[in-house]
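Input: a single structure, listed below in structure tokens.
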Amino acid sequence: MRRCRNPEDTVSAHESEPTRRSIEVEYWVIDDEGRLAEPAELVEASAGAEREFVEPLLEIKTTPCETTAELRDELFDRLESVLDRADELDKGLVPLATPVNHDEVRDRPSDRTRIQDQVIGDEFEYVRHCAGTHIYVEQQPGREIDQLNALIALDPALALVNSSPYFRGRYLAGGARSKLYRWMAYDGVPHQGRLWPYADDADEWTRRLERRYEEFVTAAIEAGADRATIQSSFDPESAVWTPVQLRETFSTVEWRSPDTALPSQVVRLADRIAEVTAHLEDAEIRIEGESGAVTTDEVVLPEFDAVIEYVNAAIREGLASDAVRSYLERMGFDVATYDPMSHEIDGRGPVSLEEARQLRLEYAERLERDVRQARTVVGD
Numbered sequence: 014m015r016r017c018r019n020p021e022d023t024v025s026a027h028e029s030e031p032t033r034r035s036i037e038v039e040y041w042v043i044d045d046e047g048r049l050a051e052p053a054e055l056v057e058a059s060a061g062a063e064r065e066f067v068e069p070l071l072e073i074k075t076t077p078c079e080t081t082a083e084l085r086d087e088l089f090d091r092l093e094s095v096l097d098r099a100d101e102l103d104k105g106l107v108p109l110a111t112p113v114n115h116d117e118v119r120d121r122p123s124d125r126t127r128i129q130d131q132v133i134g135d136e137f138e139y140v141r142h143c144a145g146t147h148i149y150v151e152q153q154p155g156r157e158i159d160q161l162n163a164l165i166a167l168d169p170a171l172a173l174v175n176s177s178p179y180f181r182g183r184y185l186a187g188g189a190r191s192k193l194y195r196w197m198a199y200d201g202v203p204h205q206g207r208l209w210p211y212a213d214d215a216d217e218w219t220r221r222l223e224r225r226y227e228e229f230v231t232a233a234i235e236a237g238a239d240r241a242t243i244q245s246s247f248d249p250e251s252a253v254w255t256p257v258q259l260r261e262t263f264s265t266v267e268w269r270s271p272d273t274a275l276p277s278q279v280v281r282l283a284d285r286i287a288e289v290t291a292h293l294e295d296a297e298i299r300i301e302g303e304s305g306a307v308t309t310d311e312v313v314l315p316e317f318d319a320v321i322e323y324v325n326a327a328i329r330e331g332l333a334s335d336a337v338r339s340y341l342e343r344m345g346f347d348v349a350t351y352d353p354m355s356h357e358i359d360g361r362g363p364v365s366l367e368e369a370r371q372l373r374l375e376y377a378e379r380l381e382r383d384v385r386q387a388r389t390v391v392g393d
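Counting from 14, one number per residue, gives the positions in the sequence shown under this note's numbering.
What follows is the structure, encoded as structure tokens:
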């Protein structure tokens, strides 16, 4: 058993400031026939709207918010502005983790993308077909490693928002994006792509980052990149891809495992993540056994090998796995309130290019209804 921290060592949650949280969500942009398209003027439609490294992706970011209500309002306000402009341009936003089936997704030119392409090789193609969600939680002084370790243990919650099982028209996994990233794109790059074990302290985390950065720079030089260009494009934080990271630059802990999904589902997930990290101030935290549990008085994180088993099942089966459902319930998630889209579109067999376009149109309409209905409720 590893005991992480006693709650008496820190200030209680009710005496501290609210835990701020923010999110970034990526959406595929399509035209009125369901074909992938560039965002163009959608980027100017709202604050927080930005291009991604491939042409048909648009990212919507929020600022750090103290409450879920603030986070929801800001995300939905920004999305509504983008959707208003998209309607004028006969475009839509698709909340699916992959395009389902598409021949080519082109990069936007940049040194950063070019270097990653050189290092990863042909497998970098897998990354181009992925759209996801990043959830950021503000670091709390003295609790950063507890927050990091808790989010590592909560990584199987990616199953709650799995939103596409398909890659190039064929079934890949319940969470196709997670499989593409973790088991295919970065499989030949040591220590990249996979979930890292729990850390004992911030110094250990820093040492890991520095080692991975040195490995990345070496690999990039061997692949033909120029050292000066590498160092101007990457630092130790940005040169690694692991699902949970301490981000010194933003003073946050970042969880980047979830797929893109309907905004209401993303906000619900971010809310629970923020609740668990806030609870760390009042609860005894320890790492023990295989089950895991979040209760009023304690947070028990499973041993890392057990977490990996839950993660693998979350990627392969999603919420169809009884073990994953039970684990997430023990960790405090109301699993019944989630309806992953991956399960809705599963079981179709091969999906043609035309069928993929129709699916993208259908789910672009779903996203717009999700946003418009939420705004109607707020207005009432």
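Just so it is clear, CB atoms sit at the ideal spot from N, CA and C, and this is done for glycine as well.
None of these values were measured; they are calculated from a predicted model.
Check	Outcome
Please report the residue range of the alpha helix (DSSP H) in which Trp218 lies.	Ala215 to Glu235
Looking at the C-beta of Ala369, does it have a partner C-beta in chain D at a distance below 9 Å?	In the displayed structure, chain D is absent; only one protein chain is listed.
I believe Thr126 touches Asp120 by the beta-carbon criterion, under 8 Å. Please report the beta-carbon distance rounded to the nearest angstrom.	5 Å
Given a threshold of 16 other Cβ atoms within 10 Å of its Cβ, counted over all protein chains shown, does Gln244 qualify as buried or as exposed?	exposed
Under the assumption that His142 contacts Leu193 (Cβ atoms under 8 Å), give the Cβ distance between them as a whole number of angstroms.	7 Å
Would you kindly report the start and end of the unbroken alpha helix (DSSP H) that includes Ser355?	Met354 to Ile358
So what does DSSP say about Lys104, is it helix, strand or coil?	coil
Just verifying my parser: in three-state terms, what is the DSSP assignment at Gly187?	coil
So Ile165 and Leu208 are supposed to be a Cβ contact under 8 Å. How far apart are they, rounded?	6 Å
Quick one: Cα of Arg220 to Cα of Tyr226, how far?	10 Å
Is the Cβ-Cβ distance between Glu303 and Pro315 less than 9 Å?	yes
Please report the Cβ distance between Ala50 and Pro69, rounded to the nearest whole angstrom; I am assuming they are in contact, meaning their Cβ atoms lie under 8 Å.	6 Å
Have a look at Val95, Phe89 and Asp383 and flag the residue whose alpha-carbon is nearest the alpha-carbon of Glu63.	Val95
Is DSSP giving Asp90 helix, strand or coil here?	helix
Could you pull out every unbroken beta strand (DSSP E) segment of at least 3 residues lying fully inside the region 278-356, listed in chain order?	297-300 and 311-314
Can you give me the start and stop residues for the beta strand (DSSP E) that Val118 sits inside?	Premise fails: Val118 is in no beta strand (DSSP E) and is neither H nor E.
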